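S.K.:
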Amino acid sequence: MHHSLAALRQSLEQRGGHLVIRKGRAVEQVVRLAQDVGAAGVFFGRRYEPWAIEEESRVEAALKDLGIEAKRFGGSLLVEPEAVRTAQGTPFKVFTPFYRAAQKAMPALALKPSAGSLVGAEPQVSGIAVEDLGLLPSAPDWSGGLQDTWMPGEEGALAALDRFLSDSIAAYDVDRDRPGVPGTSQLSAHLHFGEISPRVCYVRARQSAEREPENAKGVEAFIRELFWREFCQYLLFHWPEMTSRPFREEFARFPWRRDADALMVWQRGQTGYPLVDAGMRELWYTGWMHNRVRMVAASFLVKHLLVPWQDGERWFWDTLVDADQASNAANWQWVAGCGADAAPYFRIFNPVTQSRKFDPGGDYLRKWLPELAALPDKYIHEPWTAPETLLDEAGVALGRDYPSPIVDHGAGRERALAAFKDFRSDDG
Ligand code: FAD
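End of the sequence shown = 452 in the numbering used here, gap-free, step of one.
(1) If I'm right that residue 194 touches residue 242 with Cβ under 8 Å, what's the distance once you round it to whole angstroms?
(2) Cβ-heavy atom distance between residue 346 and the ligand FAD below 7 Å?
(3) For residue 99, which residues of its own chain have a beta-carbon under 7 Å away from its beta-carbon, when the five flanking residues on both sides are left out?
(4) Exposed or buried, what is residue 166 when buried is set at 16 or more other beta-carbons lying within 10 Å of its beta-carbon?
(5) Consult DSSP for residue 226 and reduce its assignment to one of helix, strand or coil.
(6) Quick check on this structure: which residue in 153, 168, 33, 237 has the alpha carbon closest to the alpha carbon of residue 189?
(7) CA-CA distance, residue 333 and residue 223?
(8) With a threshold of 7 Å (Cβ to nearest heavy atom), would residue 328 be considered close to the ligand FAD?
(9) Within the present structure, is the beta-carbon of residue 249 separated from the nearest heavy atom of the ligand FAD by less than 7 Å?
(10) Going by C-alpha to C-alpha distance, which of 137, 101, 138 sits closest to residue 127?
(11) Roughly how many angstroms separate the alpha carbons of residue 157 and residue 49, rounded to a whole number?
(12) Run through DSSP, which three-state label would residue 78 get?
(13) Give every residue of the same chain whose Cβ lies closer than 6 Å to the Cβ of residue 373, excluding the five residues on either side of it in the sequence, and list them in chain order.
(14) Do residue 239 and the ligand FAD come close, with the Cβ less than 7 Å from some heavy atom?
(15) Can you grab the Cα-Cα spacing for the pair residue 161 / residue 26, in whole Å?
(16) So, are the CB atoms of residue 376 and residue 328 less than 8 Å apart?
(17) Below 7 Å, is the gap between the Cβ of residue 456 and the nearest heavy atom of the ligand FAD?
(18) Sort 121, 58, 384, 357 by Cα distance to residue 276 and report the nearest one.
(19) Taking 7 Å as the cut-off, is the beta-carbon of residue 210 closer than that to any non-hydrogen atom of the ligand FAD?
(20) Go through the segment 52 to 103 residue by residue and report every complete run of the beta strand (DSSP E) that reaches 3 residues or more, in order.
(21) Residue 250 bridges to which residues according to DSSP?
(22) Does any heavy atom of the ligand FAD sit closer than 7 Å to the C-beta of residue 162?
(23) Taking just the CA atoms, how far does residue 228 sit from residue 124?
(24) Could you check whether the Cβ of residue 390 sits closer than 8 Å to any Cβ belonging to chain D?
(25) Between residue 95 and residue 65, which are expected to be in contact by the criterion C-beta below 8 Å, what is the C-beta distance as a whole number of angstroms?
(26) Please report the distance separating the alpha-carbon of residue 414 from that of residue 425.
(27) Indicate whether the contact test is met: 3 or more Cβ pairs, each with one atom in the segment 251 to 258 and one in the segment 303 to 317, closer than 8 Å.
(28) Taking residue 214 as the reference, which of 348, 273, 267 has the closest Cα?
(29) Among 131, 107, 244, whose alpha-carbon lies nearest the alpha-carbon of residue 122?
(30) Would you mind giving the Cβ-Cβ distance between residue 72 and residue 105, rounded to the nearest angstrom? I have them listed as a contact below 8 Å.
(31) When we look at the beta-carbon of residue 75 and count the other beta-carbons within 10 Å, is it buried (16 or more) or exposed?
(32) Got a sec, what are the start and stop residues for the alpha helix (DSSP H) residue 315 sits in?
(33) Assign residue 370 to buried or exposed, taking buried as 16 or more other Cβ atoms, counted over all protein chains shown, within 10 Å of its Cβ.
(34) Taking the CB atoms as reference points, tell me whether residue 309 and residue 436 lie closer together than 8 Å.
(35) Could you give the first and the last residue of the continuous alpha helix (DSSP H) run that contains residue 34?
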């Protein structure tokens with residue numbers, strides 16, 4: 025957020041404008057600022073989180089009382105959530121029909137160049153510096169990995185889109201599941217912070233398929249993912265309680281285990297399952313985790329460890345650079361089996377099979393788990409099955425250099441299925 029605001033300030037200044045930062049309740053600060061500059065109107069991009077919707081309504085009402093025009097605009101979505109409804113007029117709960125209807129409801133998109141200069145934006149009004157927001161970590165500075173990984177701001181966002189469209193889009197439909205290759209766009213944080221619009225991503229992707237037809241499959245797959253983002257925002261807009269309550273209400277009675285030790289082992293990437301641990305360490309260092317690995321790591325927490333999805337959601341919220349109330353909650357609920365259009369609870373990812381399938385050469389595992397790097401491909405996905413001599417040669421002592429599995433996959437799976445069965449029979 026700090027670097028994103030600093031980049032915004034810079035690009036406004038390059039166009040002759042400036043960024044005014046004020047701290048406090050939006051309803052007070054926006055109104056005061058509008059009065060300070062003698063504004064006739066206040067225009068802003070709308071948001072979809074329940075707290076933001078409330079705050080925006082208060083701002084609108086306060087401005088209206090003073091005779092100042094207030095206008096909310098869409099911009100962070102491809103299609104506004106009110107525009108997509110079933111034939112009965114209700115909101116969709118299932119992705120595929122939503123996707124079909126949303127594409128139809130989407131307004132025609134044409135990219136316009138951004139303003140070259142900002143005229144009349146000059147009255148010098150007081151504000152605070154980005155630094156005064158206190159967004160940077162104080163000692164100890166844990167942000168080195170984030171700084172190594174990201175270039176916040178519009179320039180960084182456009183560079184990520186360019187890289188993706190030139191290097192990765194052609195194979196995206198396959199590579200998007202392989203955590204060991206840079207096969208995805210890494211645009212999620214840029215999209216979350218509004219540094220790039222999904223409309224730019226959409227139009228630029230379509231143009232790339234028109235120019236190079238071999239990109240078409242990748243482009244379709246990418247656009248579908250952009251619509252998953254839309255679907256998450258849409259669900260949150262229509263079911264604002266989704267961030268804390270299971271979408272399928274009966275799951276409120278699911279026999280989760282509140283287990284602080286298991287949660288901490290998972291958070292630290294010490295479960296003994298290499299794919300889960302590599303993901304959790306990637307998350308801690310970079311603030312991002314590959315989507316396939318997010319699914320496996322989340323599933324491991326809620327199924328093998330039976331920890332409530334809300335505990336995992338909170339950890340992702342604290343650590344992801346793309347942490348987003350809608351996408352985070354919707355995806356956690358999807359994994360836990362209690363979401364709209366969720367994967368059924370009884371479908372339990374096997375973290376070893378997933379690892380062999382999607383990271384066959386172990387590149388991703390070796391990057392994030394250097395202590396296992398010398399193990400051959402055959403054993404790196406499940407080091408506890410390696411012969412003792414081979415572990416010795418690779419310099420790995422299980423329990424010392426790398427943990428033994430926190431739970432046996434088969435036993436964890438059976439426990440999860442038994443919990444589900446009990447829950448279903450209680451439910452009648
Ligand atoms: P790409 O594969 O390049 O996809 C392009 C864009 O589509 C992404 O930038 C993102 O905006 C959107 N997208 C892709 N997959 C999804 C999805 N499953 N749901 C919603 N939007 C999607 N994404 C977030 O942005 N914020 C979160 O807080 C978040 N929490 C998640 C928690 C769990 C448990 C899981 C399984 C997934 C979560 N995701 C979240 C979705 C997904 O993992 C990320 O959006 C994706 O990994 C971002 O990487 P990318 O930009 O390279 O994606």
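Note that beta-carbon positions come from the ideal geometry of N, C-alpha and C, so glycine has one too.
Keep in mind the model is a prediction, meaning the values are calculated, not measured.
M.R.: According to the structure data:
(1) Counting from 1 along the sequence shown, the entry for residue 194 is found at position 170. Counting from 1 along the sequence shown, the entry for residue 242 is found at position 218. The C-beta separation of residue 194 from residue 242 comes to about 5 Å, placing the pair in contact by the 8 Å criterion.
(2) In the sequence shown, the residue the question calls residue 346 occupies position 322. Closer than 7 Å to some heavy atom of the ligand FAD: that describes the Cβ of residue 346.
(3) Sequence index remark: in the sequence shown, residue 99 carries index 75 (1-based). In chain order, 69, 221 place their CB closer than 7 Å to the CB of residue 99, counting only its own chain and leaving out the 5 sequence neighbours on each side.
(4) Residue mapping note: residue 166 aligns to position 142 of the sequence shown, counting from 1. Within a 10 Å sphere around the beta-carbon of residue 166 sit fewer than 16 other beta-carbons, which makes this residue exposed.
(5) Here residue 226 refers to the residue found at position 202 when the sequence shown is read from its first residue. Residue state, collapsed to three classes: helix.
(6) In the sequence shown, residue 189 corresponds to position 165, counting from 1. Selected option, being the one with the closest Cα: 237.
(7) Reading the sequence shown from its first residue, position 309 is the one you call residue 333. Reading the sequence shown from its first residue, position 199 is the one you call residue 223. Approximately 32 Å between the Cα atoms of the pair.
(8) Residue 328 sits at position 304 when you count from the first residue of the sequence shown. At a threshold of 7 Å, residue 328 does not count as near the ligand FAD, since its beta carbon sits no closer than that to any of the ligand's heavy atoms.
(9) Numbered from its first residue, the sequence shown carries residue 249 at position 225. Under cutoff, so the answer is yes.
(10) By one-based count along the sequence shown, residue 127 stands at place 103. Nearest in C-alpha terms to residue 127, of all of 137, 101, 138, is 101.
(11) As a working mapping, residue 157 is identified with position 133 in the sequence shown. As a working mapping, residue 49 is identified with position 25 in the sequence shown. If I take the Cα positions, the gap works out to 14 Å.
(12) Numbered from its first residue, the sequence shown carries residue 78 at position 54. Helix, per DSSP.
(13) Numbered from its first residue, the sequence shown carries residue 373 at position 349. These residues qualify, in order along the chain: 320, 323.
(14) Residue 239 sits at position 215 when you count from the first residue of the sequence shown. In terms of side-chain proximity, the C-beta atom of residue 239 is found no nearer than 7 Å to any non-hydrogen atom of the ligand FAD.
(15) Counting from one through the sequence shown, the residue named residue 161 turns up at place 137. Counting from one through the sequence shown, the residue named residue 26 turns up at place 2. Their Cα atoms are separated by approximately 10 Å.
(16) Position 352 of the sequence shown, counted from the start, is the residue given in the question as residue 376. Position 304 of the sequence shown, counted from the start, is the residue given in the question as residue 328. Residue 376 is not a Cβ neighbour of residue 328, given a cutoff of 8 Å.
(17) Nothing can be reported for residue 456, as the shown portion of the chain is limited to 25 through 452.
(18) Start at 1 with the first residue of the sequence shown, and residue 276 comes out as number 252. Nearest C-alpha to residue 276 among 121, 58, 384, 357: 357.
(19) Here residue 210 refers to the residue found at position 186 of the sequence shown. Yes - the ligand FAD has a heavy atom lying nearer than 7 Å to the Cβ of residue 210.
(20) Fully enclosed beta strand (DSSP E) runs of 3 or longer: 65 to 69, 93 to 97.
(21) For the purposes of this step, residue 250 is taken as residue 226 along the sequence shown, with counting starting at 1. BP columns for residue 250 are empty, so no partner.
(22) Position 138 of the sequence shown, counted from the start, is the residue given in the question as residue 162. With a threshold of 7 Å, the Cβ atom of residue 162 does not count as near the ligand FAD, since no heavy atom of the ligand is closer than that.
(23) Locating residue 124 in the sequence shown gives position 100, counting from the first residue. Locating residue 228 in the sequence shown gives position 204, counting from the first residue. Taking the straight line joining both Cα atoms gives about 21 Å.
(24) Protein chain content of the structure displayed is limited to a single chain, and chain D is not contained in it.
(25) Stepping through the sequence shown from its first residue, residue 95 is reached at position 71. Stepping through the sequence shown from its first residue, residue 65 is reached at position 41. Right, the Cβ-Cβ distance comes to about 7 Å (below 8 Å), so this counts as a contact.
(26) Here residue 414 refers to the residue found at position 390 of the sequence shown. Here residue 425 refers to the residue found at position 401 of the sequence shown. In a straight line, the C-alpha of residue 414 is about 14 Å away from that of residue 425.
(27) Contact fails: fewer than three Cβ-Cβ distances are below 8 Å.
(28) The sequence position of residue 214 within the sequence shown is 190, counting from 1. The residue with the shortest Cα to Cα distance from residue 214 is 348.
(29) The sequence position of residue 122 within the sequence shown is 98, counting from 1. Among 131, 107, 244, the Cα nearest to that of residue 122 is on 107.
(30) Locating residue 72 in the sequence shown gives position 48, where the first residue counts as 1. Locating residue 105 in the sequence shown gives position 81, where the first residue counts as 1. Indeed they touch by this definition, with Cβ atoms about 7 Å apart.
(31) As a working mapping, residue 75 is identified with position 51 in the sequence shown. It counts as exposed.
(32) Translated into positions along the sequence shown, residue 315 becomes position 291. DSSP places residue 315 in the uninterrupted alpha helix (DSSP H) bounded by 315 to 323.
(33) Within the sequence shown, numbered from 1, the residue matching residue 370 stands at position 346. By the neighbour-count rule (16 or more Cβ atoms within 10 Å), residue 370 is not buried but exposed.
(34) Translated into positions along the sequence shown, residue 309 becomes position 285. Translated into positions along the sequence shown, residue 436 becomes position 412. In this structure, residue 436 does not lie closer than 8 Å to residue 309 by Cβ.
(35) For the purposes of this step, residue 34 is taken as residue 10 along the sequence shown, with counting starting at 1. Where residue 34 is concerned, the enclosing alpha helix (DSSP H) stretches over 26 to 38.
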